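Enquirer: Take this structure, written in structure tokens, and hold onto it; I'll ask about it next.
There are 2 protein chains.
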Amino acid sequence: MPRQITAYSNPLVKHARDLRDRRRRREAGQFLAEGLRILSEAQEAGRLPRTLFFADVSHPRAAALVQAVEAAGGEAIETTADILSKLSGKDNPQAIVGLFDDFGRSLDSLDRHAASIWLVAERLRDPGNLGTILRTGDAVGAGGLILLDECVDPFSVEAVRASMGALFTVPVVRASADAFLVWLRAGPGTLVGLSLRTTHDYRAADYPSPTFLLTGNEAQGLPEALEAACDIRVKLPMLGKADSLNAAVATAVMAYEVLARQQA
Amino acid sequence: MPRQITAYSNPLVKHARDLRDRRRRREAGQFLAEGLRILSEAQEAGRLPRTLFFADVSHPRAAALVQAVEAAGGEAIETTADILSKLSGKDNPQAIVGLFDDFGRSLDSLDRHAASIWLVAERLRDPGNLGTILRTGDAVGAGGLILLDECVDPFSVEAVRASMGALFTVPVVRASADAFLVWLRAGPGTLVGLSLRTTHDYRAADYPSPTFLLTGNEAQGLPEALEAACDIRVKLPMLGKADSLNAAVATAVMAYEVLARQQA
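Protein sequence lines correspond, in order, to chains H and B.
Using the working numbering, you'd call the opening residue of the first sequence number 1 and step up by one each time.
Using the working numbering, you'd call the opening residue of the second sequence number 265 and step up by one each time.
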């Protein structure tokens, strides 16, 4: 049976609230995900929250989640809309919030032959972009997303929200650029960098399997050394005045081109 | 010479602050844009703010903006970081904020022959998506972005910010879906709808000029009636579990495909 918590001062509520802070997430090895859609996506991917906070189980999928969490030995906690709002940081909170164990993976756990496309992002700053790239990764069947150097935290509430659940279906690895290059060169793999400094059109390149598609920081693009380490550098046409695309958009246009070319 | 304002209670500060509210923007026919990059983009596109608030003109482009605004009969106002923070709603505000006259356009002002690609969005809800789509529109040389029915306001601070200045380079029109269809059918133009209900792969379609690329609401996609009004319905491959892409991402993948096919 779910227990009830209605006090802000409850230590478990306070602990969950603290997970909105990156350092606390790292210390605890836990994170939050909100909303029935995302939690259902997680469940389908075999990931259940350790603790589930809910205010309303009138939806059958919410009731099923409560049952599944309890059957797996987790805890389901009935609480108030006010406390859910405190957990999610939104005025109009989702009616259900899950507390998950972090499942960051290491490079060595990846099987590069498991997919033809891999996404790699370097110093990505925006959690919305990270979540959007995960969603694209899910759509193109990417083997995973590899985050290089100091990227935004994929387990932040904003990134999880923007991923619409793809955080649970697309493996995420964090590594230094150096460690990634060592791992990459220990086996087959073509590293493709998106660059404004090349004239090589993205439609004219070949993308053998597995292709690792590398996107740089939103404002600065790729550092020269990392761009130089790429096997291919390509650019997207820019007909306008701004000479820039959103990083998640550029990644998606490239990923769909690689997918189409590999399937042709 | 710029005048100085350092009081929150100043009526002009209050008026500018009010423009963060959609209704106030509509009443005043004005909006705010922040940051040197976006204001420079605006200037290059021939748009100067009616009023410019700044705290720091140490950057030569900031000094040039102040001069240009005053030369054009506008007003440049030196103010404090605190007031800029109040205007932008951010703790770490941009050092420069412009107050612009709204330049929404009507369908009849568009020349459909001026471009081969046009972007159309229906009930778009997220200002970040709207700004990102404008940026993509700039990059692919779209003739404009046509917003159907109740879309998020393209002149909201968040949309302007996400557009990175493309709001000033890509014409934006707001219209009802009905009015748009009447206008569209009065001349040449292929309406292409992104849909999950079709099996027609986006790489297998033809995109004659001018193509109007229609994207639906983030959560619901296109309403059936509007989908039925399309000349072509296409879908992007979805290999993953989520069966959805971010709306701005889907628009960009399609827009780049149309561009490549039209140039081939």
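Glycine residues also receive a C-beta, built at the ideal position from the N, C-alpha and C atoms.
Quantities reported herein were computed from a predicted structural model and do not represent experimental measurements.
Chain H partners of S374 of chain B, CB-CB under 8 Å?
Expert: Mapped onto the second sequence, residue 374 of chain B falls at position 110. Correcting the residue identity first, residue 374 of chain B is Leu in this sequence and not Ser. The premise fails here: L374 of chain B is roughly 17 Å from chain H at the closest Cβ pair, so nothing lies under 8 Å.
Enquirer: Assuming D495 of chain B and T454 of chain B form a contact by the criterion Cβ under 8 Å, report the distance between their Cβ atoms to the nearest whole angstrom.
Expert: Position 231 of the second sequence holds residue 495 of chain B. Position 190 of the second sequence holds residue 454 of chain B. Between T454 of chain B and D495 of chain B the Cβ distance is about 5 Å, and since that is below 8 Å, they are a contact.
Enquirer: Flag E422 of chain B as yes if its beta-carbon sits less than 8 Å from any beta-carbon of chain H, otherwise no.
Expert: Counting from 1 along the second sequence, the entry for residue 422 of chain B is found at position 158. Output row for E422 of chain B: interface = no.
Enquirer: Does any residue of chain H bring its CB to less than 8 Å from the CB of L500 of chain B?
Expert: The residue given as residue 500 of chain B occupies position 236 in the second sequence. At least one chain H Cβ lies under 8 Å of L500 of chain B.
Enquirer: Please give me, in chain order, every unbroken run of the beta strand (DSSP E) with length at least 3 that falls completely inside the stretch 157-227 of chain H.
Expert: Correct list: 172-175, 190-194, 211-215.
Enquirer: Just confirm the distance between the C-beta atoms of R399 of chain B and S427 of chain B, as a whole number of angstroms; I'd bet it's less than 8 Å.
Expert: Translated into the one-based positions of the second sequence, residue 399 of chain B becomes position 135. Translated into the one-based positions of the second sequence, residue 427 of chain B becomes position 163. Yes, they are in contact, since the Cβ atoms of R399 of chain B and S427 of chain B sit about 6 Å apart, within 8 Å.
Enquirer: What residue does the alpha helix (DSSP H) around L239 of chain H start on, and which one ends it?
Expert: In the first sequence, residue 239 of chain H corresponds to position 239, counting from 1. Note, L239 of chain H: premise wrong, no alpha helix (DSSP H); not H, not E.
Enquirer: With DSSP as the reference, label E150 of chain H as helix, strand or coil.
Expert: For the purposes of this step, residue 150 of chain H is taken as the residue at position 150 of the first sequence. DSSP places E150 of chain H in coil when its eight states are reduced to three.
Enquirer: Determine the burial state of D417 of chain B: buried for a count of at least 16 other Cβ atoms within 10 Å of its Cβ, exposed for fewer.
Expert: Position 153 of the second sequence holds residue 417 of chain B. Per the 10 Å Cβ criterion, buried.
Enquirer: Show which residues of chain B have a CB atom less than 9 Å away from the CB atom of R135 of chain H.
Expert: The sequence position of residue 135 of chain H within the first sequence is 135, counting from 1. Here the neighbours are G504, A506, S508, L509, N510, V513.
Enquirer: Check Q358 of chain B in the structure and name its three-state DSSP category.
Expert: Mapped onto the second sequence, residue 358 of chain B falls at position 94. Residue state, collapsed to three classes: coil.
Enquirer: Taking all protein chains shown into account, do 16 or more other C-beta atoms lie within 10 angstroms of the C-beta of R267 of chain B, making it buried, or fewer, making it exposed?
Expert: Looking up residue 267 of chain B in the second sequence gives position 3. With fewer than 16 Cβ atoms within 10 Å of its Cβ, R267 of chain B is classed as exposed.
Enquirer: Do you know whose CA, among H:L194, H:E224, H:L12, H:G46, lies nearest A265 of chain H's CA?
Expert: Nothing in the structure corresponds to residue 265 of chain H, since chain H is present only between 1 and 264.
Enquirer: How close, in whole Å, do the beta carbons of L145 of chain H and V182 of chain H come, if the pair is a contact with beta carbons under 8 Å?
Expert: As a position in the first sequence, residue 145 of chain H is number 145, starting the count at 1. As a position in the first sequence, residue 182 of chain H is number 182, starting the count at 1. No, L145 of chain H and V182 of chain H are not in contact; Cβ-Cβ is about 19 Å, not under 8 Å.
Enquirer: What residues in the stretch 119-148 of chain H have a beta carbon less than 7 Å from any beta carbon of chain B?
Expert: The residues in question are G128, T132, R135, T136, D138, A139, V140, G141.
Enquirer: Pull up the CB-CB distance for L84 of chain H and A64 of chain H, whole angstroms please, since I reckon it's below 8 Å.
Expert: Your numbering for residue 84 of chain H matches position 84 in the first sequence. Your numbering for residue 64 of chain H matches position 64 in the first sequence. Contact flag wrong, Cβ pair sits at about 19 Å.
Enquirer: Apart from the five residues just before and just after S304 of chain B, which ones in its own chain have a Cβ nearer than 6 Å to its Cβ?
Expert: What you label residue 304 of chain B is simply residue 40 of the second sequence in a count that begins at 1. Once the five neighbours on either side are set aside, the close Cβ partners of S304 of chain B are R325.
Enquirer: Name the chain D residues that come within less than 7 Å of G165 of chain H, Cβ to Cβ?
Expert: Looking at the structure shown, chain D is missing, and the protein chains on hand are H and B.
Enquirer: Could you pull the DSSP bridge partners for T51 of chain H from this structure?
Expert: Reading the first sequence from its first residue, position 51 is the one you call residue 51 of chain H. H:E75, H:L99.
Enquirer: For R425 of chain B, count neighbouring C-beta atoms within 10 Å of its own C-beta (all shown protein chains included) and say buried if the count is 16 or more, exposed if not.
Expert: Position 161 of the second sequence, counting from 1, holds the residue named residue 425 of chain B. That one is buried.
Enquirer: Nearest chain H C-beta to E414 of chain B closer than 8 Å, yes or no?
Expert: In the second sequence, counting from the first residue as 1, residue 414 of chain B sits at position 150. Output row for E414 of chain B: interface = no.
Enquirer: Between the stretch 466-491 of chain B and chain H, which residues of the former have CB atoms less than 7 Å from a CB of the latter, in chain order?
Expert: Correct list: R467.
Enquirer: If the criterion is Cβ atoms closer than 8 Å, does the pair L363 of chain B and V333 of chain B meet it?
Expert: Sequence index remark: in the second sequence, residue 363 of chain B carries index 99 (1-based). Sequence index remark: in the second sequence, residue 333 of chain B carries index 69 (1-based). The answer is no: Cβ separation not under 8 Å.
Enquirer: Could you tell me whether any Cβ in chain B is nearer than 8 Å to the Cβ of L107 of chain H?
Expert: Residue numbering aside, residue 107 of chain H sits at position 107 when the first sequence is read from its first letter. No, its Cβ sits nowhere closer than 8 Å to a Cβ of chain B.
Enquirer: A71 of chain H: which of H:T79, H:A95, H:S58, H:Q43 sits nearest, CA to CA?
Expert: The residue labelled residue 71 of chain H in the question sits at position 71 within the first sequence. Minimum Cα distance to A71 of chain H is reached at H:Q43.
Enquirer: Find out if the Cβ-Cβ distance for the pair I117 of chain H, L226 of chain H is shorter than 8 Å.
Expert: The residue you call residue 117 of chain H lines up with position 117 of the first sequence. The residue you call residue 226 of chain H lines up with position 226 of the first sequence. No.
Enquirer: Cβ of F444 of chain B within 8 Å of Cβ of L371 of chain B?
Expert: Indexing the second sequence from 1 puts residue 444 of chain B at position 180. Indexing the second sequence from 1 puts residue 371 of chain B at position 107. The answer is yes: Cβ separation under 8 Å.
Enquirer: From the DSSP output, which residues share a beta bridge with R105 of chain H?
Expert: As a position in the first sequence, residue 105 of chain H is number 105, starting the count at 1. Answer is H:V173.
Enquirer: Excluding sequence positions up to five away, which residues of its chain have a Cβ less than 8 Å from the Cβ of K123 of chain H?
Expert: Taking the first sequence and counting its residues from 1, the one referred to as residue 123 of chain H is at position 123. Correcting the residue type first, residue 123 of chain H is Arg in the shown sequence and not Lys. Correct list, in chain order: L148, D149, E150, C151, G216, N217, Q220.
Enquirer: Let's see if you can read the secondary structure: which residues bound the alpha helix (DSSP H) around I397 of chain B?
Expert: Looking up residue 397 of chain B in the second sequence gives position 133. From DSSP, the alpha helix (DSSP H) with I397 of chain B extends over 391-404.
Enquirer: Looking only at its chain, what residues have a beta carbon closer than 8 Å to the beta carbon of H464 of chain B, apart from the 5 residues adjacent to it on each side?
Expert: As a position in the second sequence, residue 464 of chain B is number 200, starting the count at 1. I496, R497, V498, K499.
Enquirer: So the alpha helix (DSSP H) V321 of chain B belongs to, where does it begin and stop?
Expert: Translated into the one-based positions of the second sequence, residue 321 of chain B becomes position 57. Looking at the DSSP string, V321 of chain B is not in any alpha helix (DSSP H), and its letter there is neither H nor E.
Enquirer: For the candidate residues B:P487, B:R376, B:N274, whose alpha-carbon lies nearest to that of S473 of chain B?
Expert: Looking up residue 473 of chain B in the second sequence gives position 209. Nearest of B:P487, B:R376, B:N274 to S473 of chain B, Cα basis: B:R376.
Enquirer: Anything in chain B within Cβ reach of A95 of chain H, meaning under 7 Å, just list it in chain order.
Expert: Within the first sequence, the letter at position 95 stands for residue 95 of chain H. Within 7 Å Cβ-Cβ: nothing; A95 of chain H doesn't reach chain B, min ~16 Å.
Enquirer: For P121 of chain H, name the three-state secondary structure that DSSP assigns.
Expert: Reading the first sequence from its first residue, position 121 is the one you call residue 121 of chain H. Residue identity differs from the one stated: residue 121 of chain H is Ala in this sequence, not Pro. Three-state result, A121 of chain H: strand.
Enquirer: So for L351 of chain B, helix, strand or coil by DSSP?
Expert: Against the second sequence, residue 351 of chain B aligns to sequence position 87. In this structure, L351 of chain B counts as helix in the three-state DSSP scheme.
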